[in-house]
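Top line first, the protein sequences correspond to chains E and U.
Positions in the first sequence are counted from 1; adding 333 to them yields my numbering.
Positions in the second sequence are counted from 1; adding 5 to them yields my numbering.
C-beta atoms are modelled at their ideal positions from N, C-alpha and C, and glycine is treated no differently.
Okay, structure first, notes after.
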Amino acid sequence: MNIFRLAGDMTHLLSILVLLLKIYATKSCSGVSRKTQELYAIVFLARYLDLFTDFISVYNTFMKIVFIASSLAIVWCIRVHPMVKRSYDKDLDTFRHYLLVAASFLLALFLHEKFTFLEIFWAFSIYLEAVAILPQLVLLQRSGNVDNLTGQYVFFLGAYRGLYILNWIYRYLTEPRFTRWIACVSGVVQTALYADFFYYYFISWKNNSKLKLPA
Amino acid sequence: AEDGKYHDEL
Numbered sequence: 334m335n336i337f338r339l340a341g342d343m344t345h346l347l348s349i350l351v352l353l354l355k356i357y358a359t360k361s362c363s364g365v366s367r368k369t370q371e372l373y374a375i376v377f378l379a380r381y382l383d384l385f386t387d388f389i390s391v392y393n394t395f396m397k398i399v400f401i402a403s404s405l406a407i408v409w410c411i412r413v414h415p416m417v418k419r420s421y422d423k424d425l426d427t428f429r430h431y432l433l434v435a436a437s438f439l440l441a442l443f444l445h446e447k448f449t450f451l452e453i454f455w456a457f458s459i460y461l462e463a464v465a466i467l468p469q470l471v472l473l474q475r476s477g478n479v480d481n482l483t484g485q486y487v488f489f490l491g492a493y494r495g496l497y498i499l500n501w502i503y504r505y506l507t508e509p510r511f512t513r514w515i516a517c518v519s520g521v522v523q524t525a526l527y528a529d530f531f532y533y534y535f536i537s538w539k540n541n542s543k544l545k546l547p548a
Numbered sequence: 006a007e008d009g010k011y012h013d014e015l
């Protein structure tokens, strides 16, 4: 474990806490893409299939359980909780996210570390996470003004994988045999998708103005 | 042992 990865995991956890706070405090999921939440639930379920078979550390197991439980809880809230469900705007959240699932799985069948069930689902989860934010970014562009908590949620979610890139650089420089091309390349693509959001987020922070993404 | 495992990252 290094400081970049720990900071990345904590930023990821923070993004989830901010989203939970937004949904709990406002009893609303306006501006939140249910599809992105569903994709993230699939990402964690596919990536942590080895939750009970591979013990790495208490921290690792604990965080995996937190990520799986929180992502499922958020999807449940948006789909089932009567107050929150009413605020979900399905006319804005129209990204065909099943295409992202299909494309990621197809890519994982060709590009993986080993042709085993666990490794194909691991690679699938890496590719899917890289594009999972797309429905959310599209929804933000459509919904015009973005409430602070939702903006902060997306910011921290994008920042965490950026910190992981620093972690991979650090490990590449300090560990002799460290190579994680699938995770690294996907992580760079994932972080790059946030580039314009980060730009408008920085502008809104600098001008102390409302975050607004151009349509 | 942690770094020996392959997928030791979240």
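Buried or exposed by the 16-neighbour rule on C-beta atoms within 10 Å, applied to S390/E: exposed
Cβ-based neighbour list, D8/U, same chain, cut-off 8 Å, excluding 5 preceding and 5 following: In this predicted model, D8/U has a pLDDT of only 43, less than 50, meaning its place in the structure is not dependable; the value taken from the coordinates is given anyway. Result list for D8/U: empty, nothing under 8 Å.
Under 8 Å from the C-beta of F400/E: neighbouring residues of chain U: L15
Under 9 Å by beta carbon: chain U residues contacting M396/E: L15
Buried versus exposed, by CB contacts within 10 Å (16 or more), L15/U: buried
Rounded separation between N478/E and K355/E - CA only: 15 Å
Chain A within 7 Å of D424/E, Cβ atoms only: Protein chains in the displayed structure are E and U, and chain A is not among them.
Contacts that W338/E makes with chain U (C-beta to C-beta distance below 7 Å): It is Arg, not Trp, that sits at residue 338/E in the sequence shown. Those are E14, listed as they occur along chain U.
Assumed close pair S366/E, Q523/E - CB separation to whole angstroms, cut-off 8 Å: No, S366/E and Q523/E are not in contact; Cβ-Cβ is about 16 Å, not under 8 Å.
Unbroken stretches of the beta strand (DSSP E), 3 residues or longer, contained in the region 380-423 of chain E: none
Residue-chain proximity (D342/E, chain U), Cβ-Cβ < 7 Å: yes
Option in G520/E, F337/E, N500/E and T369/E with minimal Cα separation from L405/E: T369/E
Cross-chain neighbours of W455/E in chain U, by beta carbon under 8 Å: H12
Contained alpha helix (DSSP H) runs [length at least 4] in the region 433-465 of chain E, N- to C-terminal order: 450-464
Where K545/E falls: helix, strand or coil (DSSP): strand
Beta-carbon spacing of Y493/E, G364/E below 7 Å: no
C-beta atoms of V417/E and C362/E nearer than 7 Å: yes
Minimum Cβ-Cβ distance from I407/E to chain U less than 7 Å: no
Chain-order list of residues whose beta-carbon lies under 8 Å from that of F530/E (same chain, five-residue window excluded): L470, L473, V487, F488, G491 and L546
Environment of L339/E [buried if 16+ CB atoms lie within 10 Å]: exposed
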